[in-house]
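The next block holds one structure in the form of structure tokens; read it before the comments.
Number of protein chains: 2
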Amino acid sequence: MAKSNGKSRKIYMDYAASAEPNPGSIHELGLKAKKQLDGARRSVADVLGARPAEIIFTSGGTESNNMAIQGAVLGAKLPKLPHIVTTNIEHPSVLETCKMLEKRKLAEISIVPVESNGIVDPKKIKKEIKKNTVLVSVMYANNEIGTIQPIKEIAKKIRHYRKRRDLTPLPLSLARRGVGERCFPLFHTDAVQAVNYLDLNVERLGVDMLSLSGSKLKGAGRVGVLYKRKSVPLAPIFSGGDQEGALRPGTENLPAILKFFTALVKAHKNKEKEAKRLKKIQEYFFYKLEHTDILKDVGMFLNGDRQERLPNNVSITLPNIPSDLLVIELSARGIMASAKSACKAGDGKSSHVIKAINPKIKDTDGSLRFSLGRKTTKRDIDETVKALSQILKKLKKWYTPTPILKLEK
Amino acid sequence: MAKSNGKSRKIYMDYAASAEPNPGSIHELGLKAKKQLDGARRSVADVLGARPAEIIFTSGGTESNNMAIQGAVLGAKLPKLPHIVTTNIEHPSVLETCKMLEKRKLAEISIVPVESNGIVDPKKIKKEIKKNTVLVSVMYANNEIGTIQPIKEIAKKIRHYRKRRDLTPLPLSLARRGVGERCFPLFHTDAVQAVNYLDLNVERLGVDMLSLSGSKLKGAGRVGVLYKRKSVPLAPIFSGGDQEGALRPGTENLPAILKFFTALVKAHKNKEKEAKRLKKIQEYFFYKLEHTDILKDVGMFLNGDRQERLPNNVSITLPNIPSDLLVIELSARGIMASAKSACKAGDGKSSHVIKAINPKIKDTDGSLRFSLGRKTTKRDIDETVKALSQILKKLKKWYTPTPILKLEK
Chain A
1 MAKSNGKSRK IYMDYAASAE PNPGSIHELG LKAKKQLDGA RRSVADVLGA RPAEIIFTSG
61 GTESNNMAIQ GAVLGAKLPK LPHIVTTNIE HPSVLETCKM LEKRKLAEIS IVPVESNGIV
121 DPKKIKKEIK KNTVLVSVMY ANNEIGTIQP IKEIAKKIRH YRKRRDLTPL PLSLARRGVG
181 ERCFPLFHTD AVQAVNYLDL NVERLGVDML SLSGSKLKGA GRVGVLYKRK SVPLAPIFSG
241 GDQEGALRPG TENLPAILKF FTALVKAHKN KEKEAKRLKK IQEYFFYKLE HTDILKDVGM
301 FLNGDRQERL PNNVSITLPN IPSDLLVIEL SARGIMASAK SACKAGDGKS SHVIKAINPK
361 IKDTDGSLRF SLGRKTTKRD IDETVKALSQ ILKKLKKWYT PTPILKLEK
Chain B
410 MAKSNGKSRK IYMDYAASAE PNPGSIHELG LKAKKQLDGA RRSVADVLGA RPAEIIFTSG
470 GTESNNMAIQ GAVLGAKLPK LPHIVTTNIE HPSVLETCKM LEKRKLAEIS IVPVESNGIV
530 DPKKIKKEIK KNTVLVSVMY ANNEIGTIQP IKEIAKKIRH YRKRRDLTPL PLSLARRGVG
590 ERCFPLFHTD AVQAVNYLDL NVERLGVDML SLSGSKLKGA GRVGVLYKRK SVPLAPIFSG
650 GDQEGALRPG TENLPAILKF FTALVKAHKN KEKEAKRLKK IQEYFFYKLE HTDILKDVGM
710 FLNGDRQERL PNNVSITLPN IPSDLLVIEL SARGIMASAK SACKAGDGKS SHVIKAINPK
770 IKDTDGSLRF SLGRKTTKRD IDETVKALSQ ILKKLKKWYT PTPILKLEK
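Right, dumping it as structure tokens:
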């Protein structure tokens with residue numbers, strides 16, 4: 001034993017594996033890292049009501065969504081071109097991925113429009129499902145307008161379809177892997193925005209795949225998770241090592257994973273209480289917005305359903321005032337809000353989500369998303385609404401609003 | 410301005426973008442993050458002798474390699490099936506990715522075997538290049554046996570080929586993007602293991618793409634980099650937001666990127682000195698191994714070229730003793746070494762690299778990789794060789810080595 005002053009000393013001669021110990025190594029420090037990784041995986045599985053082997057750690061929500069969608073299409077191996085059903089308010093990492101697959105002639109897609117309240121009708125999803133549909137992907141809660149989608153109802157309709165579908169025999173390659181004839185369509189949900197406030201139990205939700213991201217969890221590392229039901233036939237989008245069931249090669253980001261599971265467990269524990277607290281602040285925010293004269297004057301309205309939305313989301317439209325200008329004016333007053341998804345910020349166009357719920361919207365109509373968090377107080381709301389009033393008073397000189405034209409919702 | 414006690418107070422209402430400020434947001438905290446990201450990108454570009462826009466941040470080396478290889482194949486849009494030339498000692502994230510593309514009928518591949526010293530002959534690479542070759546991918550330094558590949562010589566041969574190739578007109582889609590007729594084959598190098606010790610200047614190396622990983626840099630975050638020369642037509646493998654020139658959507662991992670560039674700049678500054686210091690320790694290690702009787706008795710030999718190797722790599726074969734047993738015995742004595750790439754550890758088989766340089770090797774012949782780092786001292790070497798002697802004395806009772814059969818190299 002390598003000793004130094006009577007105490008056992010470790011000699012690290014595995015710098016090429018990783019400058020820090022790596023769960024893929026079989027020496028003592030590697031095994032210790034592996035044990036930590038296994039513990040984190042178990043905790044995440046517990047929160048989701050899943051099995052540890054069904055948890056895949058990724059680099060983030062974008063990768064999780066790409067893995068679910070590209071992986072389902074590449075892994076399906078159907079005799080026909082795979083078909084995907086999704087909605088028109090998905091995050092770009094879902095919607096653009098579907099479009100990319102279509103462009104590359106690897107899949108055909110059906111995009112179901114949501115209703116004017118920003119919620120999709122499960123019956124319309126069901127109507128689009130056909131024999132070659134391998135995947136339905138519907139987000140749990142929208143990132144811009146916060147609307148919560150009826151995941152359980154959609155899951156029920158999919159289960160119903162699977163049970164009644166014509167039993168066209170699957171290729172032997174799938175049958176061998178124990179994939180039942182009735183596994184398609186798979187049901188994936190992007191739960192990135194739901195993580196802090198909604199039930200994540202995959203059994204209760206009835207989903208086959210679910211994406212999470214550490215970036216929406218306070219104190220979590222920059223990692224993502226894809227829950228994948230054991231029987232789901234997914235093809236990897238990366239090749240390399242055998243990590244994460246060979247679905248996600250590359251050294252696991254252990255430090256971030258450890259932070260992630262700690263933050264997830266904490267959020268899970270505080271979920272109900274925090275949702276209740278924010279719901280009250282949200283109601284207060286709505287009340288203040290609706291009772292401020294200048295906001296009424298410019299024709300402000302709420303984007304998305306007032307009830308079926310995340311308790312931390314307040315999204316409004318202010319006709320005739322560009323979003324980016326509003327964000328910058330608010331920022332100058334110390335208030336950090338956003339116009340739309342940060343992934344698409346600053347391009348000067350209306351977001352695809354706002355357009356989806358309000359086809360009459362123009363690029364010059366501004367939308368603002370205020371997303372609240374654990375530090376948000378009523379006082380913040382007062383100051384925000386006050387700042388917004390000041391900005392509108394200032395901007396009124398330049399932008400002549402069309403007189404209280406409430407856009408049809 | 411939101412104020413509190415006369416001091417300006419920030420109200421963060423962008424939790425849905427990210428629990429922490431995000432370089433994609435256009436408000437003040439978002440812009441600050443963007444500025445930090447730009448600074449990091451500039452520093453990385455400086456170390457590589459590249460332009461900032463040519464630096465793509467990824468989740469790690471595995472993703473960088475997948476992006477380069479899959480992206481080149483998908484982005485080439487040639488009338489014929491794209492062809493890749495690579496070697497038989499690449500990291501799995503290169504070799505397995507090439508094989509996956511072949512299996513999915515998206516590319517054909519030629520795998521050039523290295524010589525018995527673990528170094529590829531540039532002439533053999535050149536011989537494999539043909540009209541539809543879109544990519545040559547050769548690693549800079551091997552992760553298991555540390556051998557350094559003749560990147561500059563290969564680059565020269567590729568340039569020569571490009572200049573003399575038949576001028577078959579490229580599809581308009583490429584010509585429009587300003588891709589010259591002579592851009593193929595592209596030349597990619599996986600420089601993950603080279604980062605601490607070798608010259609990374611892309612102009613001097615003559616490469617079009619180069620992969621790096623934070624996991625091999627002390628104190629760097631878990632991120633990767635792909636350098637991509639501006640004119641290289643790469644298709645994205647992920648879809649989503651517009652980050653990283655739309656080639657790598659997803660919120661940038663800013664905390665890790667900041668750690669990465671700091672560590673890279675530091676390693677770059679200390680490169681020569683540290684390489685010189687380790688070269689001496691490595692020589693001492695070789696000497697000790699070669700002058701220990703029991704090691705000679707069991708037929709130990711060095712894997713890979715003795716001179717043209719990373720200064721931190723000592724890789725040996727000990728015939729008839731399984732690798733994993735050696736790693737575990739060393740670990741029990743406080744010494745963390747590895748048998749092969751951690752990405753493939755623990756599966757009980759000889760590595761593809763060891764087999765590539767020594768086709769006669771059996772799965773029961775053990776290989777050990779000692780990779781040295783900034784904390785390694787001569788004393789560590791003394792203790793390692795001593796521990797190795799003890800282990801061999803112990804194991805001799807169970808494993809009867811074939812009498813000093815030096816395997817043909």
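Those sequence lines, one after another, are chains A and B. All residue numbers for the first sequence refer to this note's numbering, where the first residue is 1 and numbers rise by one. All residue numbers for the second sequence refer to this note's numbering, where the first residue is 410 and numbers rise by one. Beta carbons are placed, not taken as given, at the ideal position from N, Cα and C, and that holds for glycine. Keep in mind the model is a prediction, meaning the values are calculated, not measured.
Other residues of its chain near residue i: CB distance less than 7 angstroms, five sequence neighbours each side excluded
i	result
B/L667	Q445, A449
A/L74	A235
B/K815	Since pLDDT at B/K815 reaches only 48, below the 50 mark, its modelled position is unreliable, and no value is offered.
Interface partners of residue i on chain A, CB under 7 angstroms
i	result
B/N722	A16
Close beta carbons around residue i, own chain, < 6 angstroms, minus the five adjacent residues each side
i	result
B/L457	L609, V611, Y636
A/R104	none
A/A220	G214, K259, F260, A263
A/K340	E144, S351
Beta-carbon separation (whole angstroms), residue i vs residue j, contact threshold 8 angstroms
i	j	result
B/T495	B/V547	7 angstroms
A/D305	A/T189	Actually they do not touch by this definition, with Cβ atoms about 18 angstroms apart.
A/F51	A/K230	First, the residue type needs correcting, since residue 51 of chain A is Arg and not Phe in the sequence shown. That pair is a contact at about 7 angstroms.
B/V545	B/I567	6 angstroms
A/I145	A/N313	7 angstroms
A/M100	B/S648	4 angstroms
Contacts that residue i makes with chain A (C-beta to C-beta distance below 8 angstroms)
i	result
B/E517	Those within 8 angstroms of B/E517 in chain A number zero; the least Cβ separation is about 16 angstroms.
B/D455	Under the 8 angstroms cutoff, chain A gives no residues; its nearest Cβ is about 22 angstroms from B/D455.
B/K784	Y12
B/N662	S59, G60, R222
Rounded C-alpha distance that separates residue i from residue j
i	j	result
A/P414	A/A45	Because chain A in this structure spans residues 1 to 409, residue 414 of chain A falls outside the shown range and cannot be described.
A/K80	B/G623	42 angstroms
B/P821	B/S724	Residue 821 of chain B is absent from the structure shown; chain B starts at 410 and stops at 818.
A/S8	A/A72	49 angstroms
B/A550	B/R718	7 angstroms
B/G439	A/I84	35 angstroms
B/H677	B/K705	38 angstroms
B/Q716	B/P768	22 angstroms
A/S331	A/G24	45 angstroms
A/D242	A/K386	55 angstroms
B/E590	B/I563	Because the pLDDT of B/E590 is 49, which lies under 50, any placement of that residue in the model is unreliable, and the number read from its coordinates should be weighed accordingly. Roughly 20 angstroms separates the two Cα atoms.
A/L212	A/S64	7 angstroms
B/F401	B/G469	Nothing about residue 401 of chain B can be read from this structure; chain B reaches only from 410 to 818.
B/I397	B/T506	Any answer about residue 397 of chain B is impossible in this case: the structure gives chain B only from 410 up to 818.
B/T793	B/K625	22 angstroms
A/Q70	A/Q193	21 angstroms
B/K486	B/M422	44 angstroms
B/C592	B/N526	32 angstroms
A/A16	B/N552	7 angstroms
B/E692	B/K802	24 angstroms
B/I737	B/M745	9 angstroms
A/L325	A/D38	47 angstroms
Same chain, Cβ closer than 8 angstroms to residue i, five either side skipped, listed in chain order
i	result
B/A504	Residue identity differs from the one stated: residue 504 of chain B is Leu in this sequence, not Ala. The answer, listed in chain order, is T495, N497, I520, H761.
A/E152	Checking the sequence shown, residue 152 of chain A turns out to be Lys, not Glu. Here the set comprises R204, L205, G206.
B/K758	D772
A/R164	none
Chain-ordered chain B contacts of residue i [CB-CB under 7 angstroms]
i	result
A/F238	T471, E472, N475
A/V73	Under the 7 angstroms cutoff, chain B gives no residues; its nearest Cβ is about 12 angstroms from A/V73.
A/R9	G743
Contact set between residue i and chain B, taken where Cβ atoms lie within less than 9 angstroms
i	result
A/P92	S648, G649, G650, D651, P658
A/N143	A425, A426
Proximal residues of chain B, C-beta to C-beta of residue i below 8 angstroms
i	result
A/K32	Going along chain B, no residue has its Cβ under 8 angstroms from A/K32, so there is no contact; the nearest lies around 10 angstroms.
A/L372	M422, Y424
Cross-chain neighbours of residue i in chain A, by beta carbon under 9 angstroms
i	result
B/D733	I26
Query raised in the report: Is it true that the segment 54-66 of chain A meets the segment 219-229 of chain A, where meeting means three or more beta-carbon pairs spaced less than 8 angstroms apart?
Result: yes
Query raised in the report: Do the segment 686-701 of chain B and the segment 660-676 of chain B make contact, defined as three or more Cβ pairs closer than 8 angstroms?
Result: no
Report task. Take every Cβ of the segment 114-133 of chain A, pair it with every Cβ of the segment 679-688 of chain B, and state whether three or more of those distances are shorter than 8 angstroms. Result -> no
**Report entry** Three CB pairs or more closer than 8 angstroms across the segment 370-385 of chain A and the segment 99-119 of chain A
**Finding:** no
Query raised in the report: Got a sec: which bits of the segment 192-221 of chain A sit with their beta carbon under 9 angstroms from any beta carbon on chain C, in order along the chain?
Result: The structure shown has no chain C; the protein chains it does contain are A and B.
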